[in-house]
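Residue numbers (my numbering): 132 to 311. Step one of this worksheet: look at the structure below.
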Amino acid sequence: MSIVTKTGDKGTTGLMYNRRVSKCHPRVEAYGAVDELNAAIGLAASVIDGELQSWLRQIQHELFNIGSHLATAAESPSAAKLPALDEAMIGRLEMQIDSAEGELPALKQFILPGGSESACRLHLARTICRRAERRIVSFSMDRPVQQVILTYLNRLSDWLFVMARLANHRAGVADIPWNK
């Protein structure tokens with residue numbers, strides 16, 4: 132099967148329920164932003180080893196599941212076949228944040244995104260996560276979006292911030308304080 136279908140040559144794309152929409156449709160913007168986030172997390176995982184890399188891979192799978200929900204209208208027959216999204220994903224992120232914060236010095240001021248390569252990649256993923264969240268909030272203004280998706284992305288951006296700090300800490304690189 133060829134990846135080249137030519138069906139999108141005129142600026143439309145197919146959704147998961149056999150409907151075509153403009154490539155700038157808010158639904159496409161929403162799941163496209165999640166796809167971009169997933170790629171950024173893959174980029175970060177490529178330079179990170181161990182437990183943190185494993186956590187990033189799990190997040191990639193969850194983001195793919197979220198994207199499938201965003202690409203499918205709730206009224207579609209395909210919606211019932213999608214992977215479940217649940218609060219346990221959010222609880223896991225929160226536990227990992229708490230664990231990492233226990234290893235980190237207290238944050239006493241704003242910091243700049245930077246430091247080690249791993250931390251920089253995680254900070255970049257965090258900013259992309261915030262953009263994806265904004266796109267999905269916009270999309271949800273007039274279409275149903277599961278609350279778990281919005282909560283997950285909000286928590287994930289916190290998680291990425293803390294893990295960037297942890298990556299710096301483990302590399303022996305200090306956070307970069309913001310000089311007002």
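Glycine is no exception: its CB is placed at the ideal position from the N, C-alpha and C atoms.
Nearest to residue 219 by C-alpha distance, out of 163, 282, 302, is 282.
Residue 240 counts as exposed, since fewer than 16 other beta carbons sit within 10 angstroms of its beta carbon.
Rounded to whole angstroms, residue 289 and residue 257 show a C-alpha spacing of 8 Å. By the criterion of a C-beta distance shorter than 7 Å, residue 284 is surrounded in its chain by 260, 263, 264, 267, once the five residues flanking it on both sides are discounted. By the Cβ neighbour-count rule, residue 309 is exposed, with fewer than 16 other Cβ atoms within 10 Å of its own. Counting only runs of 4 or more residues that sit fully inside the segment 154-242, the alpha helix (DSSP H) segments are 157-176, 181-201, 218-234, in chain order.
Per DSSP, residue 288 is one residue of the alpha helix (DSSP H) stretching across 278-302. Rounded to the nearest angstrom, the gap between the Cα atoms of residue 150 and residue 269 is 21 Å. Its chain contains 298, 299, 302, 304 as the residues whose beta carbon lies nearer than 8 Å to that of residue 247, once the 5 sequence neighbours on both sides are disregarded; these appear in chain order. Rounded to whole angstroms, the gap between the alpha carbons of residue 251 and residue 245 is 5 Å. The Cβ-Cβ distance between residue 188 and residue 176 falls below 8 Å. For residue 256, the enclosing alpha helix (DSSP H) covers residues 248-271. Per DSSP, reduced to three states, the secondary structure at residue 308 is strand.
Out of 185, 275, 253, the CA that lies nearest to the CA of residue 291 is found in 253. Its chain contains 252 as the residues whose beta carbon lies nearer than 6 Å to that of residue 174, once the 5 sequence neighbours on both sides are disregarded; these appear in chain order. Its Cα nearest to that of residue 172, the residue 287 stands out among 201, 311, 287.
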